[in-house]
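Report on the structure given below.
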Amino acid sequence: MAKWLDNAIFYEIYPQSFQDTNGDGIGDLQGIISRLDYIKELGCNALWINPCFVSPFGDAGYDVADYYTIAPRYGTNADAERLFKEAHKRGMHVLLDLVPGHTSVEHKWFKESMKAEKNEFTDRYIWTNNVWDTPENMAYLRGIAERDGSCAVNFFSMQPSLNYGFYKIDKPWQQPVDAPGPVATLEEMKNVMRFWLTMGCDGFRVDMAGYMVKNDEDGKGTIELWKKVRRFLDEEFPEAAMVSEWGEPDKSLLGGFHMDFLLPFGPIHYAELFRGKNPYFSRKGQGDISQFAENYMKSYEKTGGKGLICIPSGNHDTDRMARTLSQEEMKMAFAFLLSMPGAPFIYYGDEIGMRYVENLVSVEGGFNRTGSRSPMQWDGGVNAGFSAAPKHKLYIRQDESADRPTVQKQMEEKDSLYHEVQKLTALRQTHKALQSNGGIAFVYAKENAYPMAYMRDFEEEKILVVLNPSEREESFEWSGKAGTIIYTQGDGIKISEDKITVPGGSAGFIEICG
Ligand code: GLC
Ligand code: CA
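Here my numbering is used: position 334 in the sequence shown is 334, and no number is missing along the way.
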């Protein structure tokens with residue numbers, strides 16, 4: 001089911017900033033359609049589009065005001081349908097972003113829920129019994145409604161939590177998961193999914209998927225909730241793909257998600273790979289991969305060898321990779337990303353090394369994330385080909401440096417990051433061992449040491465991946481039977497009888513025989 005995930009390589013699009021086609025300074029769905037061929041040529045065959053529904057955009061669209069309608073600034077529902085069709089025509093798939101945990105305060109459900117008089121939406125959100133009583137361990141809104149109560153929020157203050165019930169009840173206002181309010185909320189969320197899947201969308205990236213049922217310390221209630229969704233999908237949309245923003249695959253896969261994300265928080269160490277003070281993928285060579293490898297394998301084993309954790313190059317919440325890594329260092333990071341299990345996710349612009357734009361005033365609740373959300377740089381034209389709008393009308397100020405990378409420049413340069421990424425996506429497509437479901441075992445991932453090496457396998461095929469991001473020549477003991485070297489970066493690798501030696505900034509993928 002959702003077989004296409006086996007060789008999926010995702011491209012994440014922040015719709016505001018990808019391609020504007022009507023000159024209002026904000027990207028749109030027509031813009032995405034017009035760039036599908038570009039994405040396909042890069043070697044990505046799937047999209048994740050950040051929320052593009054009606055919203056006051058207090059959190060860039062993660063504050064939904066109407067789950068059933070595309071925000072007018074992006075186009076219409078008919079445009080979304082066309083996007084699905086155009087993607088499918090090219091053998092590509094599209095995930096929309098489902099934000100099931102909270103809405104905007106402007107959602108009509110919330111407006112109804114704020115009323116003193118009981119109605120259909122009274123229990124759609126989490127309210128205490130009176131305004132003096134406030135939910136523990138949760139942020140809340142109060143004093144804004146005629147209704148007497150405080151309302152729990154999930155993230156920003158204007159994102160009230162939808163009510164899926166409490167796993168452990170210790171207050172009179174907390175409802176069990178099978179109370180009518182929580183049941184109705186989940187039914188409505190299924191309707192939302194049904195609506196877009198029927199239109200042709202291929203599945204969802206699910207926002208804050210691990211934070212649905214409250215007072216649910218080890219996630220049992222939330223896992224049960226997603227199992228119900230899984231049963232519904234199995235019956236009605238068995239091909240739909242589900243990817244969770246959860247960060248704990250042993251829980252999310254149990255709940256029926258196909259894949260989970262590696263996140264900056266959560267038990268697997270993502271933060272120190274490409275970012276922070278001593279990222280492993282820096283030429284400085286002062287990083288440590290051992291913690292990552294250990295935690296990765298723990299979680300891999302907990303899922304019965306499925307793992308299926310997607311590693312992103314970055315996303316709309318993280319710093320751009322280019323804030324800490326150079327283009328050469330990023331080539332190595334992509335060799336890693338594109339040879340790990342789970343589906344890789346490339347954040348738009350990372351394939352050309354787009355930079356984090358410093359010193360921006362927050363746009364739409366971005367705060368420090370704003371610098372990673374600047375408009376795509378396509379070419380040498382007006383606003384780098386992003387939009388025909390006057391500069392001051394652009395959604396976010398672009399990187400204005402003279403040497404900013406563009407798609408056009410990167411395509412022209414033979415040795416560019418863009419071409420390296422393209423080479424790696426193509427390689428992944430021709431080797432099942434490198435894809436989502438192939439096995440993995442770390443061969444060399446020692447504390448504070450370089451290189452790193454891991455074996456990927458699928459049926460008879462075995463590929464040893466060796467990466468040395470540091471600038472020093474390094475080696476490790478190895479005495480297996482090597483075959484063809486199918487990929488080289490930098491000066492490649494040297495295999496002798498009992499060890500593999502890797503010059504600084506070099507990498508190799510080797511087919512292993514027998
Ligand atoms: C997720 C999104 C983030 C958003 C938050 C609240 O973490 O990735 O952008 O602000 O959820 O919905
Ligand atoms: Ca536009």
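All residues carry an ideal CB built from backbone N, CA and C; glycine is no exception.
For the putative contact between residue i and residue j, defined by C-beta atoms under 8 Å, what is the C-beta separation to the nearest angstrom?
| i | j | result |
| --- | --- | --- |
| I309 | D260 | 5 Å |
| P249 | S313 | Not quite, the Cβ-Cβ distance comes to about 19 Å (not below 8 Å), so this is no contact. |
| A8 | H93 | 7 Å |
| I493 | S506 | 7 Å |
| L325 | S282 | 6 Å |
| V213 | P100 | With a Cβ gap of about 11 Å, V213 and P100 do not count as contacting. |
| F166 | N215 | 4 Å |
| T222 | G210 | 6 Å |
| S401 | R320 | No, S401 and R320 are not in contact; Cβ-Cβ is about 14 Å, not under 8 Å. |
| M330 | Y348 | Wrong, their Cβ atoms sit about 15 Å apart, outside the cutoff. |
| V502 | V465 | V502 to V465, Cβ: 11 Å. No contact. |
| A517 | I512 | Within the shown structure, residues of the chain are numbered from 1 to 514, placing residue 517 beyond reach of any answer. |
Could you spell out the range, first to last residue, of the beta strand (DSSP E) harbouring residue i?
| i | result |
| --- | --- |
| S299 | Where S299 is concerned, there is no enclosing beta strand (DSSP E), although the alpha helix (DSSP H) it sits in stretches over S290 to K302. |
| T501 | K499 to V502 |
| W478 | First-last for W478: undefined, no H or E at that position. |
| K462 | E461 to N468 |
| T488 | A482 to Q489 |
| E511 | S506 to I512 |
| V421 | Segment L417 to T430 is the alpha helix (DSSP H) holding V421; no beta strand (DSSP E) there. |
Among the options, whose alpha-carbon lies nearest the alpha-carbon of residue i?
| i | options | result |
| --- | --- | --- |
| E328 | H107, G75, P469 and I485 | P469 |
| T370 | Y14, I463 and I39 | Y14 |
| D148 | M138, I126 and S161 | I126 |
| G305 | Q291, R142 and L253 | L253 |
| G181 | I512, T122 and R404 | T122 |
| D6 | N163, E239 and Q408 | E239 |
| G385 | S401, G366 and V407 | V407 |
| G31 | D79, A241 and P176 | D79 |
| C201 | E187, Y68 and M212 | Y68 |
| T433 | E459, K409, M411 and E413 | The amino acid at residue 433 is misidentified as Thr; the sequence shows Ala. Closest option to A433, Cα to Cα, is E459. |
| D498 | E477, T484 and I486 | E477 |
| H88 | N45, K111 and N77 | N45 |
| N50 | G43, R404, L29 and V466 | L29 |
| Y395 | Q16, L197 and A139 | Q16 |
| H316 | K85, N191 and D59 | D59 |
| A71 | P56, M332 and G285 | P56 |
| Q398 | M1, A2 and Q19 | Q19 |
| A426 | I39, T21 and K3 | I39 |
| G43 | V382, A343, I495 and Q489 | A343 |
| S244 | W48, V361 and S496 | W48 |
| S161 | Y450, R124, E272 and R194 | R124 |
| E236 | A482, N191, K85 and K111 | N191 |
| D97 | Y280, L225, E358 and M189 | M189 |
How far does the alpha helix (DSSP H) with residue i in it extend, from its first residue to its last?
| i | result |
| --- | --- |
| W196 | P180 to M199 |
| W226 | K220 to E236 |
| S313 | Run containing S313: none; DSSP gives neither H nor E here. |
| W109 | K108 to S113 |
| D250 | P249 to S252 |
| G31 | L29 to S34 |
| F336 | Q327 to L337 |
Tell me, please, whether the region 266 to 276 touches the region 450 to 466 by the rule of three or more beta-carbon pairs shorter than 8 Å.
no
Where the beta carbon is closer than 5 Å to any heavy atom of ligand 2, which residues qualify, in chain order?
D20, N22, D24, I26 and D28
Quick check: the region 409 to 429 against the region 334 to 353, are at least 3 beta-carbon pairs closer than 8 Å?
At 8 Å Cβ cutoff, the stretches touch.
Would you call the region 62 to 82 and the region 97 to 107 in contact, with 3 or more CB pairs under 8 Å?
yes
Tell me whether the region 27 to 43 and the region 156 to 165 touch, counting them as touching only if at least three CB pairs, one residue from each stretch, are closer than 8 Å.
no
Given 8 Å, three or more beta-carbon pairs between the region 381 to 401 and the region 14 to 26:
yes
Quick one: any contact between the region 408 to 418 and the region 435 to 442, if contact means 3 or more CB pairs under 8 Å?
no
Does the pairing of the region 109 to 119 with the region 222 to 242 give three or more beta-carbon distances under 8 Å?
no
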